[in-house]
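Undergrad: I'd like to ask you about the structure that follows.
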Amino acid sequence: MKFFVDTADTAEIASLAETGLLDGVTTNPSLIHKSGRQFLEVIAEIAGLVKGPVSAEVVAVGAKEMLREAEVLRKLGDNICIKLPLTMEGLTVCRKLADEGVMVNVTLCFSAAQALLAAKAGAAFISPFVGRLDDIGQDGMLLIEDIRTIYDNYAFDTEILVASVRHPVHVLQAAKLGADVATMPPGVIRALANHPLTNSGLAAFLDDWGKTGQSIV
Ligand code: E4P
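So, in structure tokens, the structure goes:
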């Protein structure tokens, strides 16, 4: 399973890239707003921090305008993945870009039918938002299960990029269901490594080691 970080905070991205656990980055207009930085500048910087796909989202709603924005975004790095909304216009642009060999992430997916369309449109990634479905009393993971079944039935190459991840359990459930990627806030990636027994066990080992009076180097 690939791990993407869902942020426009370049310091966090640089620090997570150091761990070797990071396979890519996703951003969205809200995250760019939160960063307080210029969109094009921050995306270019992120593209230089990681080797994997960096999703940069268009903000136009018409197909022609989306294509124009995609042109600009593509120039920011070889690893730019154009993020398009799951609308008929977005799907139309997805097909065009995919035919040109451009990586596309179709975002704001909330149904299996939408995911089927994105795969038919040649998307490299589909982003089902599990947390936002949970927020309205639906089970986001049922959507992941359905998309996995449908994509496997037809051997679609589109990768299931689980988005709107809120906690480590989402990541585990997505992994059990065979999702290809999870994109998570930095805190969720770090939380995956945490276990109180690891912390207390390490403290006890270090305490006993100190009592030996030895050193390794
Ligand atoms: C994914 O690409 C989106 O940027 C993101 O996961 C949305 O998450 P949210 O529902 O926490 O805003």
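Residue numbers for the sequence shown follow the UniProt record's numbering, beginning at 1 and rising by one. Each residue gets a CB set at the ideal place from its N, CA and C atoms; glycine is no exception. Treat the numbers as computed from the prediction; the structure is a model and nothing was measured.
Is DSSP giving residue 51 helix, strand or coil here?
TA: Note: residue 51 maps to coil in three-state DSSP.
Undergrad: Quick one: which unbroken alpha helix (DSSP H) runs of 4-plus residues sit fully inside the stretch 134-179? Chain order, please.
TA: Within the stretch 134-179, the complete alpha helix (DSSP H) runs of at least 4 residues are 140-154, 168-176.
Undergrad: If you pair each beta-carbon of the stretch 147-159 with each one of the stretch 117-128, do three or more pairs fall below 8 Å?
TA: As far as the Cβ criterion goes, the stretch 147-159 touches the stretch 117-128, which means the pair count is three or higher.
Undergrad: Restricting to Cα atoms, I'd like to know which of 175, 29, 80 is closest to residue 50.
TA: Of the candidates 175, 29, 80, the one whose C-alpha sits nearest the C-alpha of residue 50 is 80.
Undergrad: What would DSSP say about residue 61, mapped onto helix, strand or coil?
TA: Of the three classes helix, strand and coil, the one that applies to residue 61 here is coil, per DSSP.
Undergrad: Which one or two residues does DSSP pair with residue 26 in a beta bridge?
TA: 6, 55, per the DSSP bridge assignment.
Undergrad: When you compare the CB positions of residue 150 and residue 179, do they come within less than 9 Å of one another, or not?
TA: For residue 150 and residue 179, no; Cβs fall outside 9 Å.
Undergrad: Return yes when at least one heavy atom of the ligand E4P lies under 8 Å from the C-beta of residue 6, else no.
TA: For the ligand E4P, at least one heavy atom lies less than 8 Å from the Cβ of residue 6.
Undergrad: Could you check the C-alpha separation between residue 197 and residue 162 for me, to the nearest Å?
TA: Their Cα atoms are separated by approximately 29 Å.
Undergrad: Counting beta carbon pairs with one atom in the stretch 195-214 and one in the stretch 27-39, are three or more of them shorter than 8 Å?
TA: Cβ pair count under 8 Å is below three, so no.
Undergrad: Under the assumption that residue 60 contacts residue 69 (Cβ atoms under 8 Å), give the Cβ distance between them as a whole number of angstroms.
TA: At roughly 5 Å, the Cβ-Cβ gap stays under 8 Å, so residue 60 and residue 69 are in contact.
Undergrad: In terms of alpha-carbon separation, which member of 133, 138, 73, 188 lies closest to residue 44?
TA: Measuring from the Cα of residue 44, the nearest candidate turns out to be 73.
Undergrad: DSSP three-state call for residue 1: helix, strand or coil?
TA: DSSP places residue 1 in coil when its eight states are reduced to three.
Undergrad: Would you check if the distance between the CB atom of residue 126 and the CB atom of residue 105 is smaller than 9 Å?
TA: Yes, Cβ-Cβ distance for residue 126 and residue 105 is below 9 Å.
Undergrad: If we count Cβ pairs, one from each stretch, closer than 8 Å, do we get three or more for the stretch 131-139 versus the stretch 183-196?
TA: They do not touch, by the three-pair rule.
Undergrad: DSSP three-state label for residue 216, please.
TA: In this structure, residue 216 counts as coil in the three-state DSSP scheme.
Undergrad: Do you know offhand how far residue 53's Cα is from residue 97's?
TA: For residue 53 and residue 97, the distance between alpha carbons rounds to 15 Å.
Undergrad: Taking 8 Å as the cut-off, is the C-beta of residue 161 nearer than that to any heavy atom in the ligand E4P?
TA: True, at least one ligand heavy atom lies under 8 Å from that Cβ.
Undergrad: Give the range of the alpha helix (DSSP H) segment to which residue 96 is assigned.
TA: Where residue 96 is concerned, the enclosing alpha helix (DSSP H) stretches over 88-99.
Undergrad: Please confirm whether any heavy atom of the ligand E4P lies closer than 8 Å to the CB of residue 52.
TA: No.
Undergrad: Taking Cβ to Cβ, would you say residue 164 is nearer than 9 Å to residue 140?
TA: It is a contact, given that the beta carbons lie within the stated cut-off.
Undergrad: Can you find a heavy atom of the ligand E4P that lies under 8 Å from the Cβ of residue 201?
TA: No, the ligand E4P has no heavy atom inside 8 Å of this Cβ.
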